[in-house]
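Trainee:
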Amino acid sequence: MDEIAQRLDELQRLGRTRGLRVVSGPQGPRVTLDGEPVVLLCSNNYLGLADHPRVREAAAQAAMQWGAGAGASRLVSGTMTIHQRLERRLAAFHHTEACVLFGSGYLANTGTIGALAGRGDTVYSDELNHASIIDGCRGSRADVVVYRHRDVEHLEWLMRRDEGESLSGGSVDRNDGRGGRNSAGRDACRGHGVRKLIVTDAVFSMDGDIAPLKEIVELAHRHGARTLVDEAHAIGALGPGGRGTVAQAGLEAEVDVVIGTLGKALGSYGAYVCASEEMIRYLINTARPLIFSTAPPPPAIAAALAALEMLEEKPERVQRLRSNARVLRRALATEGIATEDVEMHIVPVIVGEERAAVGLCEAALREGVFAQAIRPPTVAKGTSRLRLTAMATHTAQELREAACTIARAAREQELDLAATGAQPAAGDATTSAAADTEADAVTASAAEPGLARAA
Ligand SMILES: Cc1ncc(COP(=O)(O)O)c(C=O)c1O
């Protein structure tokens, strides 16, 4: 058996094989999946704009006016008036001086982190950050220091440790991914004007919880670090007018870099960075995925522009998403499935073992509810789950019935989900990453340190 067949075999043995499911027609609260009608409960089309007639129309018109593709990278001849228009609009939306578009959130994160940190610099990263952040950290060649999930005290301890202060209490194993770091350049980053960057998801993609931004920004100020906040799952879902968690916390003037995606609540494809005019000029000159990749296609940009206009015109959509999230969470709780009673639209239903999560997903699917199973290495070992997402366009009845279906499927699979809603213990994630088999690397960038996360 050759190496590729062996790796596929290994994934099969671990219950980790993945395949592509096919949706016919546009993305909506109900879709046809592999030929069967289902309620869609795992899409990031949070506001239902991907399939909105006005957004589709904007894309179609843009294709006629500007063509299907940009034809070149931004720095050659790929920057078109439609790119500039959206950039101006996004900068105004986020109350920042400037904005630059990227091809995707993955490229925005890897490109921006790579531009803001290099050999000898230090990046502090939450252990549950998205895979694109993890890959950005790894690719930057900076020292990567992973702090426990949302644990600001741990982050501060690590920053002070790195500044050479002697602290009593607590211990950090430097090599196991829990606050450990690559050895290269460690000494170089101690107070010699070397760059420090704290990077975090705003809303964590697999758990739906929020980063403690106020405390992070305070720490950053105290320790001379920059901050990068990835608002991928927060734009259109949280904050005043759907402007995200940075706006919600009143930190628009404090956070150095805000990253947003066009592929989730804004219903299109692509991403952007909002920051000071100087920072954006710097990224245009240094971020490799921006320099060396074709500019995003005009129809996608026009679609995002239309979606943004719609969000600004009717911010009630955000409240609708939030109240739907609560309906879904309460319906799950009524069915005996552990969930927090909050308005967060990403709802993890923790199952535990990989095969059990897949079994639950398949059983729900047979009953017409599609909620994808998420397994290691995307999440920590022992915390495989269904990652449910509410959309503003679901009806309350659809959500209640879906919760009922999932609960029935769980009973059919003899799963007790009453006590499994707890977050993984901090550190489990990184421990499991270290313990992952090599086969994991086939499906994601097995994160070291931290886990590969994907949505
Ligand atoms: C937190 C986070 N950041 C970035 C990305 C990547 O965005 P994109 O899909 O535009 O590449 C994702 C995608 O799921 C994400 O969840």
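Using the working numbering, the first residue of the sequence shown is number 875, and each one after it goes up by one. Built from N, CA and C at the ideal position, the CB exists for glycine as well. Note that this is a predicted model, so its numbers are computed, not measured.
(1) Pick out whichever of ARG1191, ALA1264, ALA932, ALA1284 has its Cα sitting closest to the Cα of ARG1229.
(2) For the region 890–971, which segments carrying the alpha helix (DSSP H) assignment without a break, of at least 4 residues, lie completely within its bounds, in sequence order?
(3) To the nearest whole angstrom, what separates the beta carbons of ASN1071 and LEU990, a pair I think is in contact under 8 angstroms?
(4) Please report the Cβ distance between PRO1173 and ALA936, rounded to the nearest whole angstrom; I am assuming they are in contact, meaning their Cβ atoms lie under 8 angstroms.
(5) Tell me the rounded alpha-carbon separation between LEU949 and SER1258.
(6) What residue range does the alpha helix (DSSP H) around LEU1112 cover?
(7) With respect to 6 angstroms, is the separation between the Cβ of HIS1004 and the closest non-hydrogen atom of ligand 1 below this value?
(8) Can SER1142 be considered in contact with ligand 1, in the sense that its beta carbon sits closer than 6 angstroms to one or more heavy atoms?
(9) The alpha helix (DSSP H) that contains ALA1118, what's its start and end?
(10) If you measure from the CB of SER917, is any heavy atom of ligand 1 nearer than 6 angstroms?
(11) Where ARG1240 and CYS1148 are concerned, what is the direct C-alpha to C-alpha distance, given to the nearest angstrom?
(12) So the alpha helix (DSSP H) LEU1289 belongs to, where does it begin and stop?
(13) I'd like to confirm the pairing. Which residues does DSSP put opposite LYS1070 in its beta bridges?
(14) Alpha carbons only, please: which of GLY1256, ALA1270, LEU1234, ALA1247 is nearest the one belonging to ARG1282?
(15) If you draw a straight line from the C-alpha of ALA1181 to the C-alpha of GLY988, how long is it?
(16) Measure from the alpha carbon of PRO927 to the alpha carbon of each residue in LEU1195, ALA1178, ARG1204, then state which is nearest.
(17) Please classify SER1042: is it buried, with 16 or more other beta-carbons within 10 angstroms of its beta-carbon, or exposed?
(18) For ALA1300, which three-state DSSP category applies?
Mentor: In this structure, then:
(1) ALA1284
(2) 927–940, 955–968
(3) Looking at the sequence itself, residue 1071 is Leu, so the reference to Asn does not match. Right, their Cβ atoms sit about 5 angstroms apart.
(4) 5 angstroms
(5) 42 angstroms
(6) Per DSSP, LEU1112 belongs to no alpha helix (DSSP H) and is neither H nor E.
(7) yes
(8) Short note on SER1142: C-beta not closer than 6 angstroms to any heavy atom of ligand 1.
(9) Note that residue 1118 is Gly in the sequence shown here, rather than Ala. First-last for GLY1118: undefined, no H or E at that position.
(10) no
(11) Straight across, the Cα-Cα distance linking ARG1240 with CYS1148 is about 43 angstroms.
(12) Neither: LEU1289 is in no alpha helix (DSSP H) and is coded neither H nor E.
(13) Answer is THR996.
(14) LEU1234
(15) 30 angstroms
(16) That would be ALA1178, whose Cα lies nearest to the Cα of PRO927.
(17) For SER1042, the pLDDT reaches just 44, beneath the cut-off of 50, and the residue's location in the model is therefore unreliable, leaving the point undetermined.
(18) Low per-residue confidence applies at ALA1300: pLDDT is 33, beneath 50, and the placement is therefore not dependable, though the value from the model is reported in the following sentence. It is coil, neither helix nor strand.
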